[in-house]
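Colleague:
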Amino acid sequence: MGEQERMVEAILFATAEPITVRELEARMPHGCDPAEALVHLRKRYDGRGVTLNRVGDAWAMRTAPDLGFLMQRETVETRKLSRAAIETLAIIAYHQPVTRAEIEEIRGVSVSRGTVDQLLEMEWIRFGRRKMTPGRPVTFVVTQGFLDHFGLENARDLPGLKELRAAGLLESRPPPGEMPMSGQEGDEEDESAEGQSELFED
């Protein structure tokens with residue numbers, strides 16, 4: 006088992022993206038048990054500067070959260086998502102699988118095509134199964150990349166809506182039935198002034 010831990014450790018350090026147990030099995034010699042090796046390895050890295058994290062059904066080596074400040078010079082500068090994009094992403098994360106119409110009903114405004122397209126391009130959301138309703142609309146779900154970016158094992162680890170509002174990530178809105186109907190003032194996306202295809206704010 007010690008040798009299997011070494012093999013799993015080597016693969017994880019050399020792999021940029023999270024890797025599944027099945028992928029580990031394919032790389033390791035026949036008869037190895039990478040799942041058990043991961044359990045031992047995770048305990049060995051507990052409390053270290055680098056930790057072994059589960060991301061969905063995959064595994065990855067990540068810097069310990071409390072040491073993230075040491076990596077500031079190494080990180081790529083990011084730009085803040087628009088409120089519309091954050092709300093759309095949050096709705097998908099909390100209500101997945103969810104259709105565009107359902108997103109619009111929850112937000113109370115129409116969802117611009119640009120917002121959804123950009124989230125798809127960022128690979129934070131993907132298409133899910135079609136709903137068994139008239140028209141069979143496509144649904145959206147969050148991706149493993151989304152979970153990895155936010156350090157989540159699965160969508161159940163997301164913070165509560167109250168926490169998101171307290172952090173300023175979601176704005177308190179009245180129920181959808183009390184929102185202006187399409188075509189009335191105020192139903193446009195936040196980014197419409199600069200073009201609906203804009204996802205980021207300066």
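Numbering of the sequence shown is given in the numbering used here, commencing with residue 6 and proceeding in unit increments.
The beta carbon of each residue, even a glycine, is placed where N, CA and C say it ideally should be.
To the nearest whole angstrom, what separates the beta carbons of residue 116 and residue 131, a pair I think is in contact under 8 Å?
Modeller: Mapped onto the sequence shown, residue 116 falls at position 111. Mapped onto the sequence shown, residue 131 falls at position 126. No, residue 116 and residue 131 are not in contact; Cβ-Cβ is about 16 Å, not under 8 Å.
Colleague: Are the beta-carbon atoms belonging to residue 93 and residue 143 less than 9 Å from one another?
Modeller: Taking the sequence shown and counting its residues from 1, the one referred to as residue 93 is at position 88. Taking the sequence shown and counting its residues from 1, the one referred to as residue 143 is at position 138. Not in contact: residue 93 and residue 143 (Cβ atoms no closer than 9 Å).
Colleague: Would you say residue 105 touches the ligand SAH, meaning its beta carbon is less than 8 Å from a heavy atom?
Modeller: This structure simply doesn't include the ligand SAH, nor any ligand for that matter.
Colleague: Considering only DSSP beta bridges, list what residue 56 is partnered with.
Modeller: Residue 56 sits at position 51 when you count from the first residue of the sequence shown. Residue 56 is bridged to 67.
Colleague: Compute the distance between the beta-carbons of residue 61 and residue 124, then report whether it is under 9 Å.
Modeller: Counting from 1 along the sequence shown, the entry for residue 61 is found at position 56. Counting from 1 along the sequence shown, the entry for residue 124 is found at position 119. Taking 9 Å as the Cβ cut-off, residue 61 and residue 124 do not qualify as a contacting pair.
Colleague: Should residue 58 go down as buried or exposed, given a rule of 16 or more other Cβ atoms within 10 Å for buried?
Modeller: Locating residue 58 in the sequence shown gives position 53, counting from the first residue. With 16 or more Cβ atoms within 10 Å of its Cβ, residue 58 is classed as buried.
Colleague: Since residue 144 is in the beta strand (DSSP E), which residue starts that stretch and which ends it?
Modeller: Working through the sequence shown from its first residue, we reach residue 144 at position 139. Unbroken beta strand (DSSP E) run through residue 144: 144 to 147.
Colleague: Expressed to the nearest angstrom, what Euclidean distance is found between the alpha-carbon atoms of residue 19 and residue 7?
Modeller: As a position in the sequence shown, residue 19 is number 14, starting the count at 1. As a position in the sequence shown, residue 7 is number 2, starting the count at 1. In a straight line, the C-alpha of residue 19 is about 19 Å away from that of residue 7.
Colleague: Would the beta-carbon of residue 55 fall within 9 Å of that of residue 47?
Modeller: In the sequence shown, the residue the question calls residue 55 occupies position 50. In the sequence shown, the residue the question calls residue 47 occupies position 42. Not a contact, by the Cβ cut-off of 9 Å.
Colleague: Can you tell me whether residue 157 is buried or exposed? The criterion is at least 16 other CB atoms within 10 Å of its CB, across all chains shown.
Modeller: Taking the first residue of the sequence shown as position 1, residue 157 is located at position 152. Looking at its Cβ environment, which holds 16 or more other Cβ atoms inside 10 Å, residue 157 is buried.
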